[in-house]
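Peer 1: Numbering (my numbering), first residue to last: 833 to 1068. What follows is a structure written as structure tokens; I'll ask about it next.
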Ligand SMILES: NC(=O)c1ccc[n+]([C@@H]2O[C@H](COP(=O)([O-])OP(=O)(O)OC[C@H]3O[C@@H](n4cnc5c(N)ncnc54)[C@H](OP(=O)(O)O)[C@@H]3O)[C@@H](O)[C@H]2O)c1
């Protein structure tokens, strides 16, 4: 039985992963802001441990993580599913800042805490859900796409640094194409995956020790193409 902490486990892909890890007999910690959903998840299974946290509240997060580590008697796998973004057609500062608070500040605090925790413990698995959107810029998604670029580069650097130091810590970047959740805003999406299929791919990929997981192999190809296509094509 593994001890898995899922941050942003109250809905969407995070909730799907909570259900999948529980179904497979693991102990699961769940973090999110919506207390009613946390309580609902807790009421279904005795292997669930919950804490309310807004990840952007950096003065509180270390206490919450330490409390869960103590309640669960340690953590083997950390999966960060917390994330936010919105289409920003009005160039609204609040949307940009809210995105960065969760996807950059909250993300960094969480990654830093668990990198140090796993270094002390001498093993662990650190997983984050980034996005294909993080490869290049796009229409009205400047703060979201750049926050996901930040996450991709942060995890790649962490992976390089830890392997240079010969540390036994797995770093996995789940680089998602569109998945049918409330997060999927806007139009014209194709190859949209279901939450169930996505979670199965993530679960298997983590077990196999993968560095990067795609929810659909076609998105691996697209992300390679995205790196080389000219800026003018992105404007179409
Ligand atoms: N769906 C897609 O097409 C897609 C594509 C690429 C990448 N992703 C990424 O996948 C991840 C999961 O998204 P999803 O599609 O499953 O959407 P979702 O259902 O909206 O899930 C987001 C989760 O993050 C939590 N969260 C958001 N802000 C938070 C904060 N400040 N502090 C703590 N928890 C917070 C939410 O819980 P509370 O509201 O309870 O706090 C919720 O559990 C995100 O990082 C997203 O960027 C999704």
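For glycine and all other residues, C-beta sits at the position ideal for the given N, C-alpha and C.
#1: Is the beta carbon of residue 1050 within less than 7 Å of some heavy atom of ligand 1?
#2: Taking residue 833 as the reference, give the member of 951, 897 and 906 with the closest Cα.
#3: Flag residue 888 as yes when its Cβ comes closer than 7 Å to any non-hydrogen atom of ligand 1, and as no otherwise.
#4: Nearest to residue 989 by CA position, among 895, 964, 947 and 953, is which residue?
#5: How do the stretch 967-977 and the stretch 940-957 stand: do at least 3 beta-carbon pairs fall below 8 Å, yes or no?
#6: What residue range does the beta strand (DSSP E) around residue 1004 cover?
#7: Can you find the residues in the same chain that come closer than 7 Å, C-beta to C-beta, to residue 934, ignoring five residues on each side of it along the sequence?
#8: Counting pairs of beta carbons, one from the stretch 997-1016 and one from the stretch 924-939, are three or more of them closer than 8 Å?
#9: For the putative contact between residue 885 and residue 863, defined by C-beta atoms under 8 Å, what is the C-beta separation to the nearest angstrom?
#10: Could you check what DSSP says for residue 939 in three-state terms: helix, strand or coil?
#11: Of the choices 991, 1019, 978 and 941, whose alpha-carbon is the least far from that of residue 1042?
#12: When we look at the beta-carbon of residue 960 and count the other beta-carbons within 10 Å, is it buried (16 or more) or exposed?
#13: Residues in the same chain with beta-carbon distance under 7 Å from residue 1055, minus the five sequence neighbours each way, listed in chain order, please.
#14: Ends of the beta strand (DSSP E) at residue 1055?
#15: Look at the alpha carbon of residue 957 and the alpha carbon of residue 1034, and state the distance between them as a whole number of angstroms.
Peer 2: Based on what the coordinates show:
#1: no
#2: 906
#3: The beta carbon of residue 888 sits closer than 7 Å to at least one heavy atom of ligand 1.
#4: 947
#5: no
#6: In this chain, the beta strand (DSSP E) harbouring residue 1004 covers 1001-1008.
#7: Cβ neighbours of residue 934 beyond the five flanking positions: 887, 888, 914, 915 and 916.
#8: The answer is no - the stretch 924-939 does not touch the stretch 997-1016, with fewer than three Cβ pairs under 8 Å.
#9: About 5 Å separates the beta carbon of residue 885 from that of residue 863, a gap short enough to meet the 8 Å contact definition.
#10: helix
#11: 991
#12: buried
#13: 964, 967 and 1007
#14: For residue 1055, no beta strand (DSSP E) encloses it; the enclosing alpha helix (DSSP H) starts and ends at 1049-1060.
#15: 13 Å
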